[in-house]
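Structure first, then comments.
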Amino acid sequence: MRLIIPLVVVSLLAISCNSKLDVNGNSAIVKVNGKVLYKSDLEENILSGLSQEDSIITAEYYIRTWINDVLLYDIALKNVYNEEHIARLVADYKKSLLVYQYQERLINEKLTKEINNEVLLDYYNHNKSKFKLDRPLVKGIYLKVPIGASNINEVRNWYKSTTQAAREKMEKYSIHNAASYDYFTDRWVDFEELMNNWPVSYQNEDAIVNHNKYIEQCDSSYCYFLNITDFLLRGDDAPFEFAKTSIEEMLVNQRKIEFLKKTEEDLYERALKRGEIKFYKE
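The numbering used here numbers the first residue of the sequence shown as 348 and each following residue consecutively.
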């Protein structure tokens, strides 16, 4: 994003420039060994939203860096003698960059990145041992209630039950009283993320999950209730919904490799048939 440099910055910079203009009417800021830095170049490289003081500091730093780069480049030109090697490196980099951009365009145009869920599930079922959890997961019931809310003792009974009757009572109660309520007995939840809403932190989360079915804690404002109906620990096989993204990325990358390899083979075969490749005998 372009930034209109504050007048005070332009004024300070004007001290070091001679009001030279380019063909577009841009004011020159500084000239070093025939190379000129213009005000428009500076504007394009200073973030918007900075204070006047920060704008001045950033502008002065950019100008000094630009000058140093020019000076270092000029002295390097005079002292590096293997220009042919550098030219080859530049040519190789340009070739690699062009090939990479062409391959990316081919992939985006020709290769679908969507993989059927059945394919993902089939891969997961045959490779469960490859996907291990690095954090505990839980299923259960979570409730956060203001400490002065009515019927707290009833809540203590409801959250420990997974019956339909208890759930209905908790849902009705939560509408008017709970600050937060989540019933997730049918899906896995990251225990660490769940504990971000908890008033205290636990050092060994695996031990907490493994040895506590019910966790209750109160602070000065709220009471927190957690019923852990099921859990998985670090090192256990990750459930499909948690492994799915990794599987999809892996299979997409595998498809890319296979697609590019097939493209290279097709190019090679076509070039052979057209006589564009000629091998010389020794």
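Yeah, the Cβ is synthetic: ideal placement off N, Cα and C, and Gly gets one too.
(message) Which residue marks the beginning of the beta strand (DSSP E) containing Arg534, and which one marks its end?
(response) Here residue 534 refers to the residue found at position 187 of the sequence shown. Counting along the chain, the beta strand (DSSP E) containing Arg534 begins and ends at 527-537.
(request) Can you tell me which of the three DSSP states Leu444 falls into? (result) Within the sequence shown, the letter at position 97 stands for residue 444. Note: Leu444 maps to helix in three-state DSSP.
(request) Within the region 492-531, note down every full alpha helix (DSSP H) run reaching 4 residues or more, in order along the chain. (result) 499-505, 511-523
(message) Measuring straight from C-alpha to C-alpha, what distance separates Ser363 and Ser395?
(response) Against the sequence shown, residue 363 aligns to sequence position 16. Against the sequence shown, residue 395 aligns to sequence position 48. In this prediction, Ser363 scores a pLDDT of 45, lower than 50, which makes its location untrustworthy; the coordinate-derived value is nonetheless stated afterwards. Roughly 24 Å separates the two Cα atoms.
(request) Compare the Cα-Cα distances from Leu384 to each of Ile410, Ser402, Pro586 and report the closest residue. (result) Position 37 of the sequence shown, counting from 1, holds the residue named residue 384. Of the candidates Ile410, Ser402, Pro586, the one whose C-alpha sits nearest the C-alpha of Leu384 is Ile410.
(request) Could you say if the region 598-610 and the region 458-470 meet the contact criterion of at least three C-beta pairs nearer than 8 Å? (result) yes
(request) Could you check which residue in Pro493, Glu540, Gln448 has the C-alpha nearest to that of Ile568? (result) In the sequence shown, residue 568 corresponds to position 221, counting from 1. According to the sequence displayed, residue 568 carries Ser and not Ile. Ser568 has its Cα closest to that of Pro493, out of Pro493, Glu540, Gln448.
(request) Between the Cα of Gln550 and those of Thr405, Ser508, Arg482, spot the shortest distance and give me the residue it belongs to. (result) The residue given as residue 550 occupies position 203 in the sequence shown. With distances taken between Cα atoms, Gln550 lies closest to Arg482.
(message) The alpha helix (DSSP H) that contains Thr459, what's its start and end?
(response) Indexing the sequence shown from 1 puts residue 459 at position 112. From DSSP, Thr459 is part of no alpha helix (DSSP H); its letter is neither H nor E.
(request) Say whether the region 518-526 touches the region 490-505, bearing in mind that this needs 3 or more beta-carbon pairs closer than 8 Å, one atom from each stretch. (result) Under the Cβ criterion (8 Å, minimum of three pairs), the region 518-526 counts as touching the region 490-505.
(request) Take Lys591 as the anchor and find which of Asn498, Leu480, Cys570, Tyr428 has the nearest alpha-carbon. (result) Within the sequence shown, the letter at position 244 stands for residue 591. Checked all of Asn498, Leu480, Cys570, Tyr428; the closest Cα to Lys591 is Leu480.
(request) Please confirm whether Leu389 and Ile376 have their CB atoms less than 8 Å apart. (result) For the purposes of this step, residue 389 is identified with residue 42 of the sequence shown, where counting begins at 1. For the purposes of this step, residue 376 is identified with residue 29 of the sequence shown, where counting begins at 1. Pairing Leu389 with Ile376 gives a Cβ-Cβ distance under 8 Å.
(request) Pull up the distance between the alpha-carbon of Lys442 and that of Lys378, whole angstroms please. (result) Taking the sequence shown and counting its residues from 1, the one referred to as residue 442 is at position 95. Taking the sequence shown and counting its residues from 1, the one referred to as residue 378 is at position 31. Here the alpha carbon of Lys442 sits roughly 33 Å from the alpha carbon of Lys378.
(message) Please give the ranges of any beta strand (DSSP E) in the region 547-593, keeping only runs that are unbroken, at least 3 residues long and fully inside the region.
(response) 561-565, 569-579
(request) Determine which residues share a DSSP beta bridge with Ala375 and list them. (result) Stepping through the sequence shown from its first residue, residue 375 is reached at position 28. Ala375 is bridged to Tyr385.
(message) I'd like to know whether the C-beta atoms of Phe538 and Glu552 end up nearer to each other than 8 Å.
(response) In the sequence shown, counting from the first residue as 1, residue 538 sits at position 191. In the sequence shown, counting from the first residue as 1, residue 552 sits at position 205. Contact: yes.
(request) Given a cut-off of 8 Å, decide if Ile404 and Lys603 are closer than it, judged by their beta-carbon atoms. (result) Stepping through the sequence shown from its first residue, residue 603 is reached at position 256. Stepping through the sequence shown from its first residue, residue 404 is reached at position 57. No Cβ-Cβ contact shorter than 8 Å links Lys603 with Ile404.
(message) Using the Cβ count rule (16 or more neighbours within 10 Å means buried), how would you classify Val547?
(response) Along the sequence shown, read from residue 1 onward, the residue named residue 547 stands at position 200. So Val547 ends up on the exposed side.
(message) Using CA atoms only, rank isn't needed, just tell me which of Lys386, Arg534, Asp421, Ser374 is closest to Asn380.
(response) By one-based count along the sequence shown, residue 380 stands at place 33. Closest option to Asn380, Cα to Cα, is Asp421.
(message) If you reduce the DSSP assignment to three classes, tell me which class Lys479 lands in.
(response) Here residue 479 is taken as the residue at index 132 of the sequence shown, counted from 1. Lys479: strand per DSSP, three-state reduction.
(request) Inspect the beta-carbon positions of Val556 and Phe589 and report whether they are closer than 8 Å. (result) Translated into positions along the sequence shown, residue 556 becomes position 209. Translated into positions along the sequence shown, residue 589 becomes position 242. No, the pair does not count as a contact, with Cβ atoms beyond the cut-off.
(request) Might you give, ordered along the chain, the residues of its own chain that have their beta carbon closer than 8 Å to the beta carbon of Tyr471, omitting 5 neighbours on each side? (result) The residue given as residue 471 occupies position 124 in the sequence shown. Taken in chain order, the residues that qualify are Phe478, Phe587, Ala590, Lys591, Ile594.
(request) Verify whether the separation of the beta carbon atoms of Tyr520 and Asn498 is less than 8 Å. (result) Counting from one through the sequence shown, the residue named residue 520 turns up at place 173. Counting from one through the sequence shown, the residue named residue 498 turns up at place 151. The answer is yes: Cβ separation under 8 Å.
(message) Going by beta-carbon coordinates alone, are Leu484 and Trp545 separated by less than 8 Å?
(response) As a first step, residue 484 must be located in the sequence shown, where it is residue number 137. As a first step, residue 545 must be located in the sequence shown, where it is residue number 198. With contacts defined by Cβ atoms closer than 8 Å, Leu484 and Trp545 do not form a contacting pair.
(request) Measuring alpha carbon to alpha carbon, tell me which of His558, Leu607, Thr532 ends up nearest Arg452. (result) One-based indexing of the sequence shown puts residue 452 at position 105. With distances taken between Cα atoms, Arg452 lies closest to Leu607.
(request) Use the C-beta contact count for Cys570: other C-beta atoms within 10 angstroms, 16 or more gives buried, fewer gives exposed. (result) Your numbering for residue 570 matches position 223 in the sequence shown. Answer is buried; the Cβ neighbour count reaches 16.
(request) Within 10 angstroms of the Cβ of Ala438, are there 16 or more other Cβ atoms? Answer buried if so, exposed if not. (result) Taking the first residue of the sequence shown as position 1, residue 438 is located at position 91. The residue in question, Ala438, is exposed, as its Cβ has fewer than 16 Cβ neighbours within 10 Å.
(message) Is the beta carbon of Lys386 closer than 8 Å to that of Ser402?
(response) Here residue 402 corresponds to residue number 55 of the sequence shown, with the count starting at 1. Here residue 386 corresponds to residue number 39 of the sequence shown, with the count starting at 1. Not a contact, by the Cβ cut-off of 8 Å.
(request) Figure out for me which residue from Ala554, Cys565, Gln564, Asn574 has the closest Cα to the Cα of Arg581. (result) Residue mapping note: residue 581 aligns to position 234 of the sequence shown, counting from 1. With distances taken between Cα atoms, Arg581 lies closest to Ala554.
(request) With DSSP as the reference, label Ile624 as helix, strand or coil. (result) Within the sequence shown, numbered from 1, the residue matching residue 624 stands at position 277. Correct three-state label for Ile624: coil.
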